[in-house]
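Asker: Residue numbers (my numbering): 1 to 155.
Below is the structure I would like to discuss, written out as structure tokens.
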Amino acid sequence: MVVTIKKQKYYLWRAVDSEGDVLDVLLQRRRDTGAAKRFFYKLLKKQGFVPRVMVTDKLKSYEAAKKQVMPSVEHRQHKGLNNRAENSHQPTRVRERRMSRFKSPGQAQRFLSAFGPIREHFHPKQHQLSAKRYREQLRQRLEDWREITCVKDAA
């Protein structure tokens, strides 16, 4: 995903698991092998394990970086396989518009690093749950959030 900040292009690298949950994001100026290696190292450090399969778009930098960083990982590149990652960009675009664009790369990185987990907390996968289970889960998540942030009930 390309993000324009102060008339300069930045690339938003995003790792998504098989469930569609965002694992990590990184905003960088380049989209080359070095940038891919930095992103893979950051992701591996955060996750603590090497994945079995990696699905990407057809950018050649992914393959070159994967050979150096994770040679044992199966790499799949095919149109349509990375739809989970592509669809995970949509909430970011909506939020970016609401914020009247990002003001600096640092602000964008800080915001996006926090935005993914918080959004996932408040947006359970509704299509996988019954209406009753969805309401219960959302109610529990709101209670957890109030407890974490030390917010008292108004009523």
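We put the beta carbon where it would ideally sit given N, CA and C, even for glycine.
These figures come from a predicted structure and were not determined experimentally.
Please state the DSSP three-state secondary structure of L23.
Answerer: L23: strand per DSSP, three-state reduction.
Asker: Quick one: any contact between the region 118–128 and the region 48–62, if contact means 3 or more CB pairs under 8 angstroms?
Answerer: Taking 8 angstroms as the limit for Cβ pairs, the verdict is that the region 48–62 does not touch the region 118–128.
Asker: Keeping to the same chain, check which residues put their C-beta closer than 7 angstroms to that of T33; ignore five residues upstream and five downstream.
Answerer: Cβ within range, chain order: S61, A64, A65.
Asker: Expressed to the nearest angstrom, what Euclidean distance is found between the alpha-carbon atoms of E147 and R141?
Answerer: Distance between the alpha carbons of E147 and R141 is about 10 angstroms.
Asker: Nearest by alpha-carbon distance to M99: which of S88, F111, G106 is it?
Answerer: Among S88, F111, G106, the Cα nearest to that of M99 is on F111.
Asker: Expressed to the nearest angstrom, what Euclidean distance is found between the alpha-carbon atoms of E120 and R29?
Answerer: Roughly 27 angstroms separates the two Cα atoms.
Asker: With DSSP as the reference, label R30 as helix, strand or coil.
Answerer: R30: coil per DSSP, three-state reduction.
Asker: The beta strand (DSSP E) with K9 in it runs from where to where?
Answerer: Unbroken beta strand (DSSP E) run through K9: 8–16.
Asker: Of the residues N87, S18, E86, which one's Cα is nearest the Cα of M54?
Answerer: Comparing Cα positions, the closest option is S18.
Asker: Answer yes or no: do V16 and A85 have a C-beta to C-beta separation smaller than 8 angstroms?
Answerer: Yes; because the gap between Cβ atoms is below 8 angstroms, this pair is in contact.
Asker: Counting only the same chain and skipping the five closest in sequence on each side, list residues whose C-beta sits under 7 angstroms from that of N82.
Answerer: Cβ within range, chain order: V55, T56, D57.
Asker: Rounding to the nearest angstrom, what Cα-Cα distance links F122 and S104 in this structure?
Answerer: Near 26 angstroms, if we compare the C-alpha coordinates of S104 and F122.
Asker: Would W13 be called buried (16 or more neighbouring beta carbons within 10 Å of its own) or exposed?
Answerer: By the 10 Å Cβ count, W13 comes out buried.
Asker: Would you please verify whether the beta carbon of R76 is less than 8 angstroms from any beta carbon of chain C?
Answerer: Considering every chain present, this structure includes no chain C. It has just one protein chain.
Asker: My output table needs one value for H75: the three-state DSSP class, helix, strand or coil.
Answerer: It is a strand residue.
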